[in-house]
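Keeping their order, the protein sequence lines are chains U and B.
For the first sequence, our numbering assigns the number 46 to the initial residue and increments by one for each residue that follows.
For the second sequence, our numbering assigns the number 46 to the initial residue and increments by one for each residue that follows.
Notes follow once the structure below has been shown.
2 protein chains.
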Amino acid sequence: MAGKLRTGQVAKAAGVNVETLRFYERRGILKEPHRRSSGYREYPPEAVRVVRFIKRAQELGFTLYEVEELLVLRENTDASCEQAKATATQKMEEIEEKIQSLRAMKKALGVLVKSCASKGSVRECPILDALDDKPTKRARS
Amino acid sequence: MAGKLRTGQVAKAAGVNVETLRFYERRGILKEPHRRSSGYREYPPEAVRVVRFIKRAQELGFTLYEVEELLVLRENTDASCEQAKATATQKMEEIEEKIQSLRAMKKALGVLVKSCASKGSVRECPILDALDDKPTKRARS
DNA sequence: ATGCACCCCGTACCTAGGTACGGAGTCAAC
DNA sequence: GTTGACTCCGTACCTAGGTACGGGGTGCAT
Numbered sequence: 046m047a048g049k050l051r052t053g054q055v056a057k058a059a060g061v062n063v064e065t066l067r068f069y070e071r072r073g074i075l076k077e078p079h080r081r082s083s084g085y086r087e088y089p090p091e092a093v094r095v096v097r098f099i100k101r102a103q104e105l106g107f108t109l110y111e112v113e114e115l116l117v118l119r120e121n122t123d124a125s126c127e128q129a130k131a132t133a134t135q136k137m138e139e140i141e142e143k144i145q146s147l148r149a150m151k152k153a154l155g156v157l158v159k160s161c162a163s164k165g166s167v168r169e170c171p172i173l174d175a176l177d178d179k180p181t182k183r184a185r186s
Numbered sequence: 046m047a048g049k050l051r052t053g054q055v056a057k058a059a060g061v062n063v064e065t066l067r068f069y070e071r072r073g074i075l076k077e078p079h080r081r082s083s084g085y086r087e088y089p090p091e092a093v094r095v096v097r098f099i100k101r102a103q104e105l106g107f108t109l110y111e112v113e114e115l116l117v118l119r120e121n122t123d124a125s126c127e128q129a130k131a132t133a134t135q136k137m138e139e140i141e142e143k144i145q146s147l148r149a150m151k152k153a154l155g156v157l158v159k160s161c162a163s164k165g166s167v168r169e170c171p172i173l174d175a176l177d178d179k180p181t182k183r184a185r186s
């Protein structure tokens, strides 16, 4: 059950093109699927989710390398547990900082919209302030 | 008060290199500063904040083009207000979706860390699920 | 009035992340 | 058993976002 998928099907379902799958495979971010005797790749349905994850994570500002780290965590839950835990914890912090920045940006845009809606002009636009005390390097403790 | 800055100073303060400033200027994302009679650029202190904003926004997954849109909003608060409002509102939605995705990712990592801390292995890692139903169209509140 | 750091500009080059090409083999429906 | 869509692989090419180079001018402290 749960048919195996071929490259074209995975690509279409995930919204990427076939060459991208091969590219990810070469990069090691997508692991090599089983092959038929003909050489055709046969992906498990999960592959689609992996690829979608990759694309979404990229939109969130993660590099392929970082995405790979995240995916490794996924498999790696028994071996080198402490290591994995440390990585995960650190990623969580990074993610939290991104969330904070995005919240600030959203808020700043909200202010713009509102001032725009009510009256004409706003001096001192808040957008720059939004990311000004950037949590970029480390959230201040 | 508040001296004008030269390229090197802005670059250093913002953590980029000088060529990057020129590159942004060519791209139109950083507007051309005043020049001395010698041809030297003189930036207002705010330029540093603009550049930092650009860098941070990129880390949040925005392209330079998108960053430009955001920066344009900043200046554009009187003219074509309705237009600006629409753009801002749409960006806010996009940002909210990113926040949702990041929250989901963070939570998934939390599960990993916990399961890792307590016992050995976890089947069915939650990371993929995190972005699986990406909030692209329907953010769950 | 010289030295050294800094700036100018144009142009070439680089990395990340794909995309496209093209000749050959495979699958399945007709 | 042929046809048309799909897949294989290697290699070349492309876009975004910078970086580096190099020859020449500037600023200012000594």
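Glycine included, C-beta positions come from ideal geometry on N, C-alpha and C.
No experiment lies behind these values; they were computed from the predicted model shown.
Using only the alpha-carbon positions, how far apart do residue i and residue j sit?
i	j	result
U/Thr65	B/Thr132	31 angstroms
B/Arg97	U/Asp177	7 angstroms
B/Arg36	B/Cys126	What the structure shows of chain B is the stretch from 46 to 186, and residue 36 of chain B is not part of that stretch, so it cannot be assessed.
B/Tyr110	U/Pro90	35 angstroms
U/Ala153	B/Arg80	31 angstroms
U/Glu212	B/Lys143	This structure gives no information on residue 212 of chain U, because the portion of chain U shown stretches from 46 to 186.
U/Arg185	U/Thr52	Here the model assigns U/Arg185 a pLDDT of 36, short of 50, so the residue's position is not dependable and the matter cannot be decided.
U/Ser102	B/Lys151	Here residue 102 of chain U is Ala; the residue named in the question, Ser, does not match the sequence. Approximately 12 angstroms, taken between the alpha carbons.
U/Cys161	B/Lys159	46 angstroms
U/Asp174	U/Leu157	13 angstroms
U/Ala92	B/Arg67	42 angstroms
U/Val61	B/Val63	36 angstroms
Would you mind reading off the limits of the alpha helix (DSSP H) that contains residue i?
i	result
B/Asp174	172 to 175
U/Arg67	63 to 72
U/Leu115	109 to 120
B/Glu77	It is not in any alpha helix (DSSP H) - B/Glu77 carries neither H nor E in the DSSP assignment.
U/Lys49	Looking at the DSSP string, U/Lys49 is not in any alpha helix (DSSP H), and its letter there is neither H nor E.
Is there at least one non-hydrogen atom of the ligand FAD closer than 6 angstroms to the beta-carbon of residue i?
i	result
B/Leu115	What this structure holds is no ligand at all, so the ligand FAD is not there to describe.
According to DSSP, what are the bridge partners of residue i?
i	result
U/Glu87	U/His79
**Asked** Hey, is the segment 69 to 77 of chain U in contact with the segment 142 to 154 of chain B, meaning 3+ C-beta pairs nearer than 8 angstroms?
**Response** no
**Request:** Say whether the segment 108 to 119 of chain B touches the segment 75 to 88 of chain U, bearing in mind that this needs 3 or more beta-carbon pairs closer than 8 angstroms, one atom from each stretch.
**Result:** no
**Touching by the beta-carbon criterion (3+ pairs, under 8 angstroms), the segment 46 to 57 of chain U and the segment 135 to 142 of chain B** = no
**chain B contacts from the segment 117 to 143 of chain U (Cβ-Cβ distance under 7 angstroms)** = Leu118, Arg119, Thr122, Asp123, Cys126, Ala129, Lys130, Ala133, Thr134, Lys136, Met137, Ile140, Glu141, Lys143
**Message:** At a CB distance below 8 angstroms, what residues from the segment 76 to 90 of chain B approach chain U? Give them in sequence order.
**Reply:** none
**Asked** Listed from N- to C-terminal order along the chain, which residues in the segment 104 to 118 of chain B have their beta-carbon within a distance smaller than 9 angstroms of any beta-carbon of chain U?
**Response** Glu104, Leu105, Gly106, Phe107, Leu115, Leu116, Leu118
**Request:** Could you please tell me which residues of the segment 147 to 162 of chain U, in chain order, have their CB closer than 8 angstroms to any CB of chain B?
**Result:** Leu147, Arg148, Met150, Lys151, Leu154, Gly155, Leu157, Val158, Ser160, Cys161, Ala162
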